[in-house]
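See below for the structure under consideration.
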Amino acid sequence: MIWARADGCRVWDEHGREYIDLTGGFGVAALGHGNAKIREAVANAPVVHALGDLAEAEATQRLRAALPWPAKLGVTGEDAVEIALRTALLATGRPGIVAFDGAYHGTGLLALAATGLERFRQPFAPWLPGPVHRRAYGDDPGELPADTAAVIVEPVQGRGGSRVPPDDFLATLRRRCDESGALLVVDAIFTALGRLGEMWPGSDVADILCIGKALGGGLPLSAALFVRSQLEAVWHLGVEDVYTHTHTGNPLASAGALVVLAEVPPLLPRIDELSRRFDAADWRGRGLLRVSDGDAAAAAEAGVLVIPVGDLVQAAPPFTITDDELDEAFARLKR
Numbered sequence: 020m021i022w023a024r025a026d027g028c029r030v031w032d033e034h035g036r037e038y039i040d041l042t043g044g045f046g047v048a049a050l051g052h053g054n055a056k057i058r059e060a061v062a063n064a065p066v067v068h069a070l071g072d073l074a075e076a077e078a079t080q081r082l083r084a085a086l087p088w089p090a091k092l093g094v095t096g097e098d099a100v101e102i103a104l105r106t107a108l109l110a111t112g113r114p115g116i117v118a119f120d121g122a123y124h125g126t127g128l129l130a131l132a133a134t135g136l137e138r139f140r141q142p143f144a145p146w147l148p149g150p151v152h153r154r155a156y157g158d159d160p161g162e163l164p165a166d167t168a169a170v171i172v173e174p175v176q177g178r179g180g181s182r183v184p185p186d187d188f189l190a191t192l193r194r195r196c197d198e199s200g201a202l203l204v205v206d207a208i209f210t211a212l213g214r215l216g217e218m219w220p221g222s223d224v225a226d227i228l229c230i231g232k233a234l235g236g237g238l239p240l241s242a243a244l245f246v247r248s249q250l251e252a253v254w255h256l257g258v259e260d261v262y263t264h265t266h267t268g269n270p271l272a273s274a275g276a277l278v279v280l281a282e283v284p285p286l287l288p289r290i291d292e293l294s295r296r297f298d299a300a301d302w303r304g305r306g307l308l309r310v311s312d313g314d315a316a317a318a319a320e321a322g323v324l325v326i327p328v329g330d331l332v333q334a335a336p337p338f339t340i341t342d343d344e345l346d347e348a349f350a351r352l353k354r
């Protein structure tokens with residue numbers, strides 16, 4: 020399928036057929052496709068390209084000021100995970116990672132090593148770093164191995180099927196990290212910025228919070244947020260940044276992110292309303308990260324775009340979806 024046009028919560032393919040989009044572009048289009056304020060902010064940006072670690076645009080500086088904690092910026096969600104895990108190595112001097120079954124943290128080799136989905140890891144197994152100690156998602160991992168630099172966890176698993184852990188799970192991980200001196204990295208790339216009905220899920224226990232997807236308003240942007248602010252200093256390794264990209268802090272993406280940070284908080288009550296509608300329709304998960312039994316190809320045939328997750332279908336719709344659009348999507352999926 021080729022997307023020819025997208026507007027709000029609807030997509031048109033190359034043949035002109037219209038679909039209701041419950042994917043939100045994989046959770047990216049939190050404010051809907053083609054959001055007018057994001058388009059205006061991007062179009063009016065006086066600087067259009069990033070300068071890596073040489074300099075920053077004014078929009079990037081404003082973004083840093085708008086974020087609640089110091090940040091090291093990336094381009095992809097995987098960048099934020101890489102930054103967080105490397106921070107843990109620099110801060111503790113230990114190489115070990117505790118990660119969970121069903122986890123998805125990205126496809127770069129370090130993030131992939133922490134990912135718990137074998138279909139992603141297996142082709143590259145000979146090159147994956149470690150050690151990685153795998154544990155059951157939702158369970159107390161017990162005393163952490165002595166080499167543990169970080170525990171990395173999603174507040175609700177995304178690619179793992181919108182799995183919701185017990186309420187005390189993150190607090191238990193915080194306690195285990197405190198006991199061992201490891202850092203707790205919360206990968207909220209899919210779930211932050213309103214997806215679960217709150218801006219910064221897991222920030223109450225995290226040392227580092229990874230965000231991305233919706234952050235750039237459709238443009239590639241991520242961040243590792245140093246909730247424990249002193250961790251930012253471990254990257255002061257000399258005059259040259261040893262983890263950077265040409266497009267780090269891209270000013271167009273930063274301009275979009277400033278709109279997202281302003282527009283999402285007033286939508287949180289609406290996200291709660293939409294979440295209850297998913298509950299009533301028997302979709303499992305939390306907030307606007309939901310799964311149901313179904314087939315993605317059959318859903319597309321019915322005119323609804325969903326994310327395939329094994330033998331389930333997943334919904335991560337824009338926060339701007341209307342009641343009528345959601346009811347229409349549910350009705351189409353039942354045909």
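Using the working numbering, read the sequence shown as starting at 20 and increasing by one per residue.
Every residue, glycine too, gets a C-beta built ideally from N, C-alpha and C.
Bear in mind the structure is a predicted one, so any value in this text is a computation, not a measurement.
Reduced DSSP category for residue i - H, G, I as helix; E, B as strand; rest coil
| i | result |
| --- | --- |
| residue 50 | coil |
| residue 222 | coil |
| residue 28 | coil |
| residue 327 | strand |
| residue 94 | coil |
| residue 271 | helix |
| residue 84 | helix |
| residue 181 | coil |
| residue 340 | coil |
| residue 191 | helix |
| residue 305 | strand |
| residue 172 | strand |
| residue 354 | coil |
| residue 244 | strand |
| residue 236 | strand |
Burial state of residue i (16 or more Cβ within 10 Å)
| i | result |
| --- | --- |
| residue 105 | buried |
| residue 353 | exposed |
| residue 167 | buried |
| residue 134 | buried |
| residue 36 | exposed |
| residue 198 | exposed |
| residue 148 | exposed |
| residue 350 | exposed |
| residue 124 | buried |
| residue 126 | exposed |
Chain-order list of residues whose beta-carbon lies under 6 Å from that of residue i (same chain, five-residue window excluded)
| i | result |
| --- | --- |
| residue 340 | 28 |
| residue 238 | 271, 272, 275 |
| residue 1 | The chain is shown only over 20 to 354; residue 1 falls outside these bounds and no answer can be derived. |
| residue 235 | 272, 275, 276 |
| residue 196 | 170, 203 |
| residue 222 | 228, 246 |
Spatial neighbours of residue i in its chain, beta-carbon cut-off 7 Å, leaving aside the 5 residues before and after
| i | result |
| --- | --- |
| residue 33 | 21, 23 |
| residue 216 | 287, 290, 291, 294, 306 |
| residue 99 | 93, 208, 229, 230, 231, 241, 242, 243 |
| residue 71 | 263, 264, 265, 267 |
| residue 328 | 178, 180, 310 |
| residue 114 | 108, 150, 166, 168 |
| residue 250 | 106, 110, 226, 227 |
Beta-carbon proximity list for residue i, same chain, < 8 Å, skipping 5 on both sides
| i | result |
| --- | --- |
| residue 25 | 31, 40, 44, 48, 52, 53 |
| residue 313 | 325, 331, 332, 352 |
CB-CB length for residue i against residue j, believed under 8 Å
| i | j | result |
| --- | --- | --- |
| residue 331 | residue 310 | 5 Å |
| residue 15 | residue 67 | Lying before the first or after the last residue shown, residue 15 is absent from the chain, which here runs from 20 to 354. |
| residue 308 | residue 348 | That pair is no contact at about 16 Å. |
| residue 345 | residue 303 | Rounded, the Cβ-Cβ distance is 16 Å, inconsistent with contact. |
| residue 146 | residue 248 | Residue 146 to residue 248, Cβ: 34 Å. No contact. |
| residue 172 | residue 183 | Actually they are not in contact, since the Cβ atoms of residue 172 and residue 183 sit about 13 Å apart, beyond 8 Å. |
| query | Taking the runs of the alpha helix (DSSP H) that are 4 residues or longer, which of them lie wholly in the segment 96-143? | reply | DSSP runs (the alpha helix (DSSP H)) wholly in the segment 96-143: 96-111, 128-133, 137-140.
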